[in-house]
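Q: This is the structure I want to talk about, given as structure tokens.
2 protein chains.
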Amino acid sequence: MLYAAVEAGGTKINCAVGSGPGDIRARTRIATRAPAETLAEVAAFFDAATAEHGPVAALGIASFGPLDLDRTSPTWGHVAATTKPGWAWVDVAGPLGSRLGCPVAFDTDVNGAALGEHRWGAGQGVSNLVYFTVGTGIGGGLVIDGRPVHGLSHPEMGHVRLRRHPDDDYRGFCSFHGDCAEGLASGPAVKDRLGAPLNELAGDHPFRDVLADYLGQLCAHAVLMLSPQRIVLGGGVMNAGGLHRPAAERMRHWLAGFIPDERLGRDDFVVPPKLGDDAGIAGAFALAIDAA
Amino acid sequence: MLYAAVEAGGTKINCAVGSGPGDIRARTRIATRAPAETLAEVAAFFDAATAEHGPVAALGIASFGPLDLDRTSPTWGHVAATTKPGWAWVDVAGPLGSRLGCPVAFDTDVNGAALGEHRWGAGQGVSNLVYFTVGTGIGGGLVIDGRPVHGLSHPEMGHVRLRRHPDDDYRGFCSFHGDCAEGLASGPAVKDRLGAPLNELAGDHPFRDVLADYLGQLCAHAVLMLSPQRIVLGGGVMNAGGLHRPAAERMRHWLAGFIPDERLGRDDFVVPPKLGDDAGIAGAFALAIDAA
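Chains as they are written, first to last, in this note's numbering: chain X, 1364 to 1655; chain Z, 1364 to 1655.
Written out as structure tokens, the structure is:
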């Protein structure tokens, strides 16, 4: 059984056809430009791939957001009110599903990454998982009982407020909230403050303690609000290295012994992703497999 | 089909037998004392009730916590490391289930209340719901796809950190965190600050704005972390009245337009409970029905 998978990001769209992330028969990477030409190129890839490899049973799309995930809404499958020029209220799922003639599952990029890590990566063996990506923004994906969570819309964990670190007076750059988590701790916030990305700073730069504190607060919020069995911290900022353990220590500082479970103190609670850059496309495959 | 329901609180334990919360054949209220004598009285009630009305198909217990909800754990069904004298690591589910000879569902009081409101009260018609109780403490119950959520343990939403209101310098009373949400906004925190419970203060007392802000932040956290379709705010502090709308306004202030869904602005998003004091026992019935 073959599936189609789309990981739609703000700068590139990864497309694949295969029986799963470990058996990809065709794949491509398309630059994200204006919606019409971009989606036409995606469709053309799937036309060629299905002509060569045969039809697919379902399509999974893990997309940048915000998205309309309400199956009863007339704009289900659309990108919602994004600030990305031209993409607000663009129907992504509809035209691709029609072209492929198959069921479509549509979810956020971070829910997709959470699902991919849950099924094939760092989230194997648990039923409830939070995946944070800390990169150009901060996003949180949530898998409960093996399924991504939707509700009113979808979680937007990166925009939660944190307490200020006493050594940090950066105003924050989020256009909605100023100093929410994304405004304080994402890649652009780090670079705006320090003039360089984290991986160009010395390993003992004092800002690392500030950043670890913010990441620890974010993890503490997740533990208290969601009680996940594991937290995966991925994204470009985390790739700079050495932050998982300090973030976990700050998480425990903020929880202050209230959650005494010894698992919080083990190195398998706050972990890096295992799938790396493939988490998104793996998640899109998982969405497709579950939709078939 | 009959079910047994137990709502175990720190001061009283409500027990009932019936086909559901609308058809209760026998009920009693037992003072929460030392575990052995209290649980013996609970068991004696069920012995008498089942002798009179017949056997039950399942038992649902919604209990004060913290609890061990891990079905694979040797201490599943026990109260965990509570500060309530004598109750730490007491097995509640085991002896009652053996006595009744039926399947047992065991969950937190707030998950039970969330489930009860979801099935028969203010949460009808949505699939994802958060229930906050704001009383002697603050707790949050979470229902997703109609089921209460467990993970590492269970959510402890009342202990999340909020940003300080500029007019509030109260130190907070939580023995773990000082000024977490419970430490700042629960009933004892209000009384410790003002010398009187909220319902004894004038309706325009300026502290109401501070409290509404904290409740609004708590709701904003829930929206961003969980994306619920409805938030039910119950408990003794909320019963003082007039706080739901100001809390919803402060929630929207903190979200700052980021979640543009018009539902956030409607009066059916942040709502009072419909079951009142019966939410807990209703939730225990729901747990039993689902376990049967």
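Ideal Cβ placement from N, Cα and C applies to all residues, glycine included. Only a predicted model underlies this, so the values are computations on that prediction, with no experimental measurement involved.
In terms of DSSP beta bridges, what is Z/V1467 paired with?
A: For Z/V1467, which the question treats as bridged, DSSP gives the partners Z/L1422.
Q: For X/V1512 and X/R1613, what's the separation of their Cα atoms in angstroms?
A: When rounded, the distance between both Cα atoms is 27 Å.
Q: Is DSSP giving X/N1377 helix, strand or coil here?
A: Three-state DSSP puts X/N1377 in a strand.
Q: Assuming Z/V1633 and Z/A1611 are in contact, meaning their beta carbons sit under 8 Å apart, how far apart are those beta carbons, in whole angstroms?
A: That pair is a contact at about 4 Å.
Q: Along chain Z, in chain order, which residues have C-beta atoms closer than 9 Å to that of X/W1452?
A: Within chain Z, no residue comes near X/W1452; the closest Cβ sits about 12 Å away, beyond 9 Å.
Q: Going straight from the alpha carbon of Z/S1436 to that of X/D1433, what length do you get?
A: For Z/S1436 and X/D1433, the distance between alpha carbons rounds to 37 Å.
Q: Can you tell me where the beta strand (DSSP E) with Z/I1387 in it begins and where it stops?
A: 1386-1394 is the extent of the beta strand (DSSP E) around Z/I1387.
Q: Considering only DSSP beta bridges, list what X/R1615 is partnered with.
A: BP columns for X/R1615 are empty, so no partner.
Q: Label Z/A1649 either buried or exposed according to how many other C-beta atoms from any shown protein chain fall within 10 Å of its C-beta, with 16 as the threshold for buried.
A: It is buried - the Cβ of Z/A1649 has at least 16 other Cβ atoms within 10 Å.
Q: Does any C-beta atom of chain X lie closer than 8 Å to the C-beta of Z/M1520?
A: Judged by the 8 Å Cβ criterion, Z/M1520 is in contact with chain X.
Q: Looking at C-alpha atoms only, which residue of X/L1581, X/L1627, X/A1575 is the closest neighbour of X/G1605?
A: If we check each option's Cα against that of X/G1605, X/A1575 comes out closest.
Q: Using beta carbons (cut-off 8 Å, strictly below), is Z/A1444 in contact with chain X?
A: Answer yes: the Cβ-Cβ gap between Z/A1444 and chain X drops below 8 Å somewhere.
Q: Unbroken alpha helix (DSSP H) runs of length 4 or more, entirely within the region 1502-1580 of chain X: which are they?
A: Segments of the alpha helix (DSSP H) lying fully in the region 1502-1580 of chain X: 1544-1548, 1550-1557.
Q: Would the region 1548-1562 of chain Z and the region 1628-1642 of chain X be scored as touching if the rule is three or more Cβ pairs under 8 Å?
A: No, the region 1548-1562 of chain Z does not touch the region 1628-1642 of chain X.
Q: Z/T1374: buried (16+ other C-beta within 10 angstroms of its C-beta) or exposed?
A: It is exposed - the Cβ of Z/T1374 has fewer than 16 other Cβ atoms within 10 Å.
Q: I need the straight-line Cα distance from X/R1392 to X/L1463, nearest angstrom please.
A: Roughly 18 Å between the two C-alpha positions.
Q: If you reduce the DSSP assignment to three classes, tell me which class X/F1495 lands in.
A: Residue state, collapsed to three classes: strand.
Q: Could you pull the start and end residues of the beta strand (DSSP E) that X/E1404 belongs to?
A: Not the beta strand (DSSP E): X/E1404 falls in the alpha helix (DSSP H), residues 1398-1416.
Q: Beta strand (DSSP E) containing X/A1642: first to last residue?
A: No beta strand (DSSP E) contains X/A1642, which is instead part of the alpha helix (DSSP H) from 1642-1654.
Q: Taking the straight line between their C-alpha atoms, what separation do you get for Z/G1620 and X/S1538?
A: Computed Cα separation, rounded: 10 Å.
Q: List the residues of chain Z that X/L1578 touches, going by C-beta distances under 7 Å, in chain order.
A: What X/L1578 touches in chain Z: nothing, since even the nearest Cβ is about 14 Å away.
Q: Reducing DSSP to helix, strand and coil, say where X/R1482 ends up.
A: X/R1482: helix per DSSP, three-state reduction.
Q: Should Z/A1651 be labelled buried (16 or more other beta-carbon atoms within 10 Å of its own) or exposed?
A: So Z/A1651 counts as buried.
Q: Along the region 1524-1553 of chain X, what residues have a CB closer than 7 Å to any CB found in chain Z?
A: Taking 7 Å as the Cβ-Cβ cut-off against chain Z, the residues of the region 1524-1553 of chain X that qualify are R1524, R1526, F1539, H1540.
Q: In whole angstroms, give me the CA-to-CA distance for Z/S1516 and Z/Q1487.
A: Z/S1516 and Z/Q1487: Cα-Cα distance of roughly 26 Å.
Q: So X/V1600 is in the alpha helix (DSSP H); what residue range does that whole segment cover?
A: Segment 1599-1602, the alpha helix (DSSP H) holding X/V1600.
Q: Under the DSSP definition of a beta bridge, which residues are partnered with Z/E1625?
A: DSSP, once it has assigned bridges, lists no residue as partnering Z/E1625.
Q: Could you check what DSSP says for Z/S1490 in three-state terms: helix, strand or coil?
A: DSSP places Z/S1490 in coil when its eight states are reduced to three.
Q: Applying a beta-carbon distance threshold of less than 9 Å, which residues of chain X neighbour Z/N1717?
A: Residue 1717 of chain Z lies beyond the residue range present for chain Z, which begins at 1364 and ends at 1655; the question has no answer from this structure.
Q: Can at least three beta-carbon pairs, one atom from the region 1452-1472 of chain Z and one from the region 1414-1427 of chain Z, be found at a separation below 8 Å?
A: The answer is yes - the region 1414-1427 of chain Z touches the region 1452-1472 of chain Z, with three or more Cβ pairs under 8 Å.
Q: Consider the Cβ of X/I1644: report whether some Cβ of chain Z lies at a distance smaller than 8 Å.
A: So no, X/I1644 is outside the interface.
Q: Using a cut-off of 8 Å between C-beta atoms, extract the partners of Z/I1743 located in chain X.
A: Any property of residue 1743 of chain Z remains undetermined from this structure, which presents chain Z solely from 1364 to 1655.
Q: Are Z/G1514 and X/P1635 touching if we call contact CB-CB under 8 Å?
A: Cβ atoms of Z/G1514 and X/P1635: not closer than 8 Å.
Q: Taking the DSSP output, what are the residues bridged to Z/A1368?
A: In DSSP, Z/A1368 forms a bridge with Z/A1379, Z/G1423.
Q: Is the CB-CB distance between Z/A1389 and Z/E1415 below 8 Å?
A: Taking 8 Å as the Cβ cut-off, Z/A1389 and Z/E1415 qualify as a contacting pair.
Q: Beta carbons nearer than 9 Å to chain X: which residues of the region 1610-1621 of chain Z have them?
A: Those residues of the region 1610-1621 of chain Z that come within reach of chain X (Cβ to Cβ, closer than 9 Å) are W1617, L1618, A1619, G1620, F1621.
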